[in-house]
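**Q** According to the numbering used here, the residues represented by the sequence shown are 16 to 306, in order.
For every residue, glycine included, the Cβ atom is placed at its ideal position computed from N, Cα and C.
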Amino acid sequence: MKAYIFPGQGAQFVGMGKDLYESNPKAKALFEQANEILGFRISDEMFEGTAEGLKQTRITQPAVYLHSVIKALCIDNFKPDMVAGHSLGEFSALVANGALTFSDGLQLVYKRALAMQKACDLNPSTMAAVLGLEDYKVEEICAAITQEIVVAANYNCPGQLVISGSIEGVTLACEHLKTAGAKRALILPVGGAFHSPLMQPAQAELEVAIQSTMFNTPSCPIYQNVTTTAVTDPSLIQSNLIKQLTAPVKWTQSILHMIEDGAALFTEVGPGNVLQGLVNKINREVQTAAG
16 MKAYIFPGQG
26 AQFVGMGKDL
36 YESNPKAKAL
46 FEQANEILGF
56 RISDEMFEGT
66 AEGLKQTRIT
76 QPAVYLHSVI
86 KALCIDNFKP
96 DMVAGHSLGE
106 FSALVANGAL
116 TFSDGLQLVY
126 KRALAMQKAC
136 DLNPSTMAAV
146 LGLEDYKVEE
156 ICAAITQEIV
166 VAANYNCPGQ
176 LVISGSIEGV
186 TLACEHLKTA
196 GAKRALILPV
206 GGAFHSPLMQ
216 PAQAELEVAI
226 QSTMFNTPSC
236 PIYQNVTTTA
246 VTDPSLIQSN
256 LIKQLTAPVK
266 WTQSILHMIE
276 DGAALFTEVG
286 PGNVLQGLVN
296 KINREVQTAA
306 G
């Protein structure tokens, strides 16, 4: 069975999507439609902007979404058997399986980006990558820090987990994690504590937008970050999308469930190849490819 997977924030690069725009009339039309929907030329930011400009959440999220979705919509005979997306990538996956329209997905992603940026400004916070320690040990150390907010945020692959929370909480956790034997506990250059309770203001804002958007019955299951198992019910998809902002991204668990359900080839659609690398670390027997 063919699984298509979609990357999240962090996969962006200057020039992303330019080749699609210049070589494919359908892609060009979709980029121009996106510029109109957003009210500014995000295509210019993607094709000729700066790396620093692309790092702004309000630019990054719609840019990664557009690159992934337009690439998918331009694949001949695109018929996934199952889909999944890492954090932001879940919105791309929902367009790929028909649960969301291109324009509705873009508007939700932009609202999500703006809401998350506001939440970051409200509570200065950060994230850190933890390498070489078992998940349960990272969870225990985070749970023991009660004076600050710090939680497990991204279960990327065995031995690679990202934590999220207040600057003091994450800094303290990193010290304890290194003492406990982590190979690395590295503060990430991100704008805030994504997938932590500090995103609650953004979650409340996004909930209104998600509840007022039409979700269709998808053409194939999506394995969502919150539940990790196959979902096709539109109302459940909406509920999981809302929870996703403050809940951890259970990527390892999602990939394992997709393999259990028959996925043999994972094709990453969008900028970069990070997800292919994670899938290979989760299970070396399955095939991976770039879309």
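Let me know if K319 comes out buried or exposed under the rule of 16 or more other beta-carbons within 10 Å of its beta-carbon.
**A** Lying before the first or after the last residue shown, residue 319 is absent from the chain, which here runs from 16 to 306.
**Q** Do you know how far the Cα of P204 is from the Cα of K133?
**A** Going from the Cα of K133 to the Cα of P204 covers about 17 angstroms.
**Q** Report the partner residues of R199 according to the DSSP bridge assignment.
**A** For R199, which the question treats as bridged, DSSP gives the partners L146.
**Q** Locate the alpha helix (DSSP H) running through M131, then write down its first and last residues.
**A** Taken as a continuous stretch (DSSP letters only), the alpha helix (DSSP H) holding M131 covers 117-137.
**Q** Of all the options G54, Y80, A42, which has the alpha carbon lying nearest to the alpha carbon of P286?
**A** Of G54, Y80, A42, the residue nearest in Cα terms is Y80.
**Q** For M131, which option in L213, E51, T243 has the closest C-alpha, if you only look at C-alpha atoms?
**A** When each option's Cα is compared against that of M131, the closest is L213.
**Q** Specify the secondary structure class of L260 as computed by DSSP and reduced to three states.
**A** If DSSP states are grouped into helix, strand and coil, L260 belongs with coil.
**Q** For the segment 16-83, which segments carrying the alpha helix (DSSP H) assignment without a break, of at least 4 residues, lie completely within its bounds, in sequence order?
**A** Qualifying alpha helix (DSSP H) stretches, in chain order: 33-38, 40-53, 57-63, 66-69.
**Q** Less than 8 angstroms separating the beta-carbons of F117 and V110?
**A** Cβ distance < 8 angstroms, so F117 and V110 count as in contact.
**Q** When the Cα of T267 is compared with those of V284, T244, N288, which residue comes out closest?
**A** Minimum Cα distance to T267 is reached at T244.
**Q** Taking the alpha carbon of N240 as the reference point, which residue from L256, K296, S38 has its own alpha carbon closest?
**A** Considering only alpha carbons, the answer is L256.
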